[in-house]
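In the numbering used here, the protein residues as written are 1 to 304. Quick notes on the structure that follows.
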Amino acid sequence: MHTRKRWTVRRVQSTLNLIIFLLPTLLFVFVFIAFPILFSGYLSFTEYNYAMDVAPTFIGLRGYVDVLLHDGFLHTALKNQFFFAVPYFILTFLVSLGLAILVSELRHGMQLYQIVFYLPMIIPLSLVGITFAWILAPDLGVFNVILQRVGLGKWARDWYGDPDTALYALVAARSWKMIGFTFIILLSGIQSIPTSLREAARVDGAGFWGEIRHVVLPLLRPYLLISGIWIIINSIKVFDLPKVITQGGPGVSTLTLYLYSWKAAFERFDMGLASRVAYITAFIILFLSWLLNLLLKPEEAERF
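Shown next as structure tokens:
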């Protein structure tokens, strides 16, 4: 009886100690994560200009209907997001896959290449934006100077000042920074493939491309899916580069969802609109995450 009582007391003390240790973390999560998410969710169903209104006015789903059907800026941001995501996906995915395949064939210096290709990931996006703004400057930019030297001066232009090229110039800058991450994922996937399978393909007479096509790519599928969806989600979350370089211009040619949400909050002081745009963006990201789980077969997800 006494033993059982002591065991109960120890269990209660252990539970209390656990709660005490977890309390600071739980408090931090509630104050800085849970509460902002819940409060912004409430604001998304309101009209609230914090520079003029005393308190939010609840409008329900009408705000979402209005912004989805009648907000031209949101439609432009969605269009820009699509035309940013497609070339960004193609460029980042293909270049990182090509680099991973080439580096995996090296016998020496693999770690050096991993460091070199991953290095841009640790550079702040704001600094990347300033650097590419200098490289693509209209008059003395390195890229335009190279074009003039090789006889292609007619192609020189103000890359960030031209509405037709500004978005794609941002794609180049962000892709350069992010390629290293997907490169590391794909390289680790290639290295996880048993060498016996690749050697068997070579013995059977498969050339380099045959080996890549019939052995490497099928076994790399979970890593390809993870990398592909990560690239798409990352393209939706773009904010720093258009904010630093173009401010959404020229006009609204580089206005993205995150940038539009920021402008609604801190230039128009409309927290209701900003919250709605943020939640629409979050729903898009959740949909893509669901798509990832749908595409990955259970056994492949478990293997990964």
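Glycine included, every Cβ here is placed at the ideal spot set by N, Cα and C. Treat the numbers as computed from the prediction; the structure is a model and nothing was measured.
Assignment of beta-bridge partners to E47 by DSSP yields T57.
Distance between R157 and G63, taken at the CA atoms: about 41 Å. Rounded to whole angstroms, the gap between the alpha carbons of Q13 and L27 is 21 Å. Proximity to L225 across A200, S261, F93, L43 peaks at F93, based on C-alpha coordinates. Per DSSP, V31 is not a residue of any alpha helix (DSSP H), being assigned neither H nor E.
DSSP places D164 outside both helix and strand once states are collapsed to three, so it counts as coil. Between S96 and I179, the C-beta spacing is below 8 Å. The beta carbons of I193 and L219 sit about 5 Å from each other, so the pair counts as a contact at 8 Å. G129 places its beta carbon less than 8 Å from that of A173.
For E199, the enclosing alpha helix (DSSP H) begins and ends at 195-203. Taken through DSSP and simplified to helix, strand or coil, D66 comes out as helix. Under the criterion of beta carbons closer than 8 Å, Q114 and L186 do not qualify as touching, at roughly 12 Å.
Straight-line spacing of the CA atoms in V252 and S175 works out to 21 Å.
The three-state secondary structure of D158, taken from DSSP, is coil. Beyond the five residues adjoining it in sequence on each side, D270 comes within less than 7 Å, by CB distance, of N49, A264 in the same chain, given in chain order. DSSP lists N49 as the beta-bridge partner residues of D270. The shortest C-alpha to C-alpha distance from A51 to any of G161, E267, L257 is the one to E267. The beta carbons of T254 and N80 sit closer together than 8 Å. The C-alpha of F143 lies about 6 Å from the C-alpha of I135.
Between the stretch 194-205 and the stretch 116-128 there are fewer than three inter-stretch CB-CB distances shorter than 8 Å, so the stretches are not counted as touching.
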